[in-house]
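Undergrad: I have a structure I would like to understand better, so I am pasting it below and will then ask my questions one at a time.
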């Protein structure tokens, strides 16, 4: 028997209800939450868009989306019948405020049916230029006045730079309270990312070592084998620094670098993250060339197929100055991390798709073993793999079997597949459920967004004002430009990659 959720009745309004994000992520996530008993007993999902759909036609579209993209495979007839009757459509053009009248009527109908405790969640799965229009229309039609029962979920990018992020924050603050605003970064919903909190603060073993006295450096790499694909037009106005480092990678850095919160309260945790960003050393213009590297991929071969260079992708300027690769060395100027470098790297058309956090510990202070015994010596590392495998591994030295004392590195591994039989939920399932529960722990706060933009703006301004003369500077299926290797090699380190068992 399916368990019952205690959530208040919920109306879930998806702006961009016919778009790609809803198709691939939101609709499958909501259906999976329903089948596993996490949706409220009373709920309504209202997709919006300019296309003219009946409820029946839209339900058929969502059924096809769920069948194609749900982690649980095709739907079961009985569960879909129960879920599908709660899926509706409202023809709403966000550029025509008058069309919100029909949406308001639909919402009020379900509010009356569900009762006074009904909460309304507005999910903005649309292009960022529509965020202000939608917020203003919601205000005009008085759809957000109940602070306790109305929320707005906003996808990244949250602003194009520091100035536009501040403008958007200011606009939203005039319409919503901060507790109503859910700035979503799907990386924070990934199971392994959440497990970092448990790993650090539920165990006494590592926290005493989690500082500059024992850690030598930290790497955070989020790499992609794919190119920009059909997102060339968007990516051309963004680049790797805006698209990945300003949000995803800095969020991971905050989780690694934050102080222990006094409780699991959402604002307490977000306070600690903001403290990390504010403690990070700002860049002076003359320091950027030695602390940040940019790259752009050229054509090449990936898994036996020839792929175009970035400048030949659809929607990309043939003389583009946009980076498809970025690597930055950051420092956190506080007692815990003073002098310890944090290396962040991301890029497209690289050798593998992976997201890895590597904490390298300092070497032992004195070697007692002979050089012959330690030919494969390696410092201790803690490796947190977010994708494609989800694992946490501690690399230590151990004696190799035999009569002689010969050491080699071994891995102590915790991996989800080998430990748990249950499927891991998609990141959006976790985040959508948190939004319905009113839990903002995994969502970004306004000051956090602005602090992240403030940190990367000197790099963005320098790169945009000075055209790179060596683009493209790395071939597809490589590990990026040579300058990225030099960035970390100057400090005596090298980029770490996790060997993939299934990569041939």
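Numbering (my numbering), first residue to last: -3 to 500.
Yeah, the Cβ is synthetic: ideal placement off N, Cα and C, and Gly gets one too.
Going by other Cβ atoms of all chains shown within 10 Å of its Cβ, with 16 needed for buried, is residue 260 buried or exposed?
TA: Residue 260 comes out exposed.
Undergrad: In the DSSP assignment, what residue or residues form a beta bridge with residue 206?
TA: Answer is none; residue 206 lacks a bridge partner.
Undergrad: Is it the case that the Cβ atoms of residue 219 and residue 343 are separated by a distance below 8 Å?
TA: Result yes, Cβ atoms of residue 219 and residue 343 sit closer than 8 Å.
Undergrad: With the cut-off set at 8 Å, would you say residue 131 and residue 446 are in Cβ contact?
TA: Contact: no.
Undergrad: Output the residue ranges of the beta strand (DSSP E) runs that lie fully inside the stretch 82 to 168 and measure 3 residues or longer, sorted by chain position.
TA: Counting whole runs of 3 or more residues, the stretch 82 to 168 contains the beta strand (DSSP E) stretches 83 to 87, 115 to 120 and 146 to 150.
Undergrad: With distances taken Cα to Cα, identify the nearest neighbour of residue 9 among 29, 263, 315 and 39.
TA: Minimum Cα distance to residue 9 is reached at 39.
Undergrad: To the nearest whole angstrom, what separates the beta carbons of residue 319 and residue 459, a pair I think is in contact under 8 Å?
TA: That belief holds up - the Cβ atoms of residue 319 and residue 459 are roughly 7 Å apart, short of 8 Å.
Undergrad: Is the stretch 113 to 122 touching the stretch 67 to 86, taking contact as three or more C-beta pairs under 8 Å?
TA: The stretch 113 to 122 is not in contact with the stretch 67 to 86.
Undergrad: Rounded C-beta distance between residue 432 and residue 6? I'm assuming under 8 Å.
TA: Residue 432 to residue 6, Cβ: 6 Å. Contact.
Undergrad: Just checking, does the stretch 148 to 156 make contact with the stretch 330 to 350 on the three C-beta pairs under 8 Å criterion?
TA: Flag = no, the stretch 148 to 156 and the stretch 330 to 350 do not touch.
Undergrad: Going by the beta-carbon positions, is the gap between residue 212 and residue 356 smaller than 8 Å?
TA: Taking 8 Å as the Cβ cut-off, residue 212 and residue 356 qualify as a contacting pair.
Undergrad: Would you list the residues sitting across from residue 41 in a DSSP beta bridge?
TA: 8 and 83, per the DSSP bridge assignment.
Undergrad: Between the Cα of residue 102 and those of 308, 29, 88 and 486, spot the shortest distance and give me the residue it belongs to.
TA: Checked all of 308, 29, 88 and 486; the closest Cα to residue 102 is 88.
Undergrad: Do three or more CB pairs link the stretch 332 to 342 to the stretch 216 to 234 at distances below 8 Å?
TA: Yes: the two stretches touch, three or more of their Cβ pairs being nearer than 8 Å.
Undergrad: According to the neighbour-count rule (16 or more other Cβ atoms, all chains shown, within 10 Å of its Cβ), is residue 416 buried or exposed?
TA: Flag for residue 416 reads exposed.
Undergrad: Where does residue 33 land, buried or exposed, given buried means 16+ other C-beta within 10 angstroms?
TA: Exposed, since its Cβ has fewer than 16 Cβ neighbours within 10 Å.
Undergrad: For residue 324 versus residue 214, is the C-beta distance shorter than 8 Å?
TA: Not in contact: residue 324 and residue 214 (Cβ atoms no closer than 8 Å).
Undergrad: Within the same chain, show all residues whose beta-carbon is closer than 6 Å to that of residue 188, passing over the 5 residues directly before and after it, in chain order.
TA: Only 382 and 386 meet the Cβ criterion.
Undergrad: Look at residue 163 and residue 137 and say whether their C-beta atoms are less than 8 Å apart.
TA: Result no, Cβ atoms of residue 163 and residue 137 do not sit closer than 8 Å.
Undergrad: Is residue 365 helix, strand or coil when you go by DSSP?
TA: Note: residue 365 maps to coil in three-state DSSP.
Undergrad: Under a three-way DSSP split, which group does residue 1 fall into?
TA: Residue 1: coil per DSSP, three-state reduction.
Undergrad: Helix or strand or just coil, what does DSSP make of residue 23?
TA: Residue 23: helix per DSSP, three-state reduction.
Undergrad: On the three-state DSSP scale, how would you describe residue 309?
TA: Three-state result, residue 309: coil.
Undergrad: Bridge partners for residue 411 per DSSP, in chain order?
TA: BP columns for residue 411 point to 387.
Undergrad: Is it true that the stretch 353 to 373 meets the stretch 230 to 238, where meeting means three or more beta-carbon pairs spaced less than 8 Å apart?
TA: Cβ pair count under 8 Å is below three, so no.
Undergrad: For residue 470 and residue 321, what's the separation of their Cα atoms in angstroms?
TA: Cα to Cα, residue 470 sits roughly 9 Å from residue 321.
Undergrad: With DSSP run on the structure shown, which of helix, strand or coil describes residue 299?
TA: Coil at residue 299, not helix or strand.
Undergrad: Once you ignore the five residues that flank residue 550 on each side, which residues in its own chain have a CB closer than 6 Å to its CB?
TA: With the chain covering only -3 through 500, there is no way to say anything about residue 550.
Undergrad: Between 177, 159 and 254, which has its C-alpha nearest residue 206's C-alpha?
TA: Among 177, 159 and 254, the Cα nearest to that of residue 206 belongs to 254.
Undergrad: Would you list the one or two residues that DSSP bridges to residue 405?
TA: Partner(s): 393.
Undergrad: Start and end of the alpha helix (DSSP H) containing residue 53?
TA: Counting along the chain, the alpha helix (DSSP H) containing residue 53 begins and ends at 51 to 65.
Undergrad: Quick check: the Cα distance between residue 335 and residue 92, rounded to an integer number of angstroms?
TA: Distance between the alpha carbons of residue 335 and residue 92: 54 Å.
Undergrad: Indicate the three-state DSSP secondary structure (helix, strand or coil) for residue 13 in the structure shown.
TA: Reduced to three states, the DSSP call for residue 13 is coil.
Undergrad: With DSSP collapsed to three states, give me the class of residue 244.
TA: Three-state result, residue 244: helix.
Undergrad: Could you pull out every residue in the same chain whose Cβ sits closer than 7 Å to the Cβ of residue 247, ignoring the five residues on either side in sequence?
TA: The answer, listed in chain order, is 181, 183 and 184.
Undergrad: I'd like to confirm the pairing. Which residues does DSSP put opposite residue 379 in its beta bridges?
TA: Residue 379 is bridged to 354 and 389.
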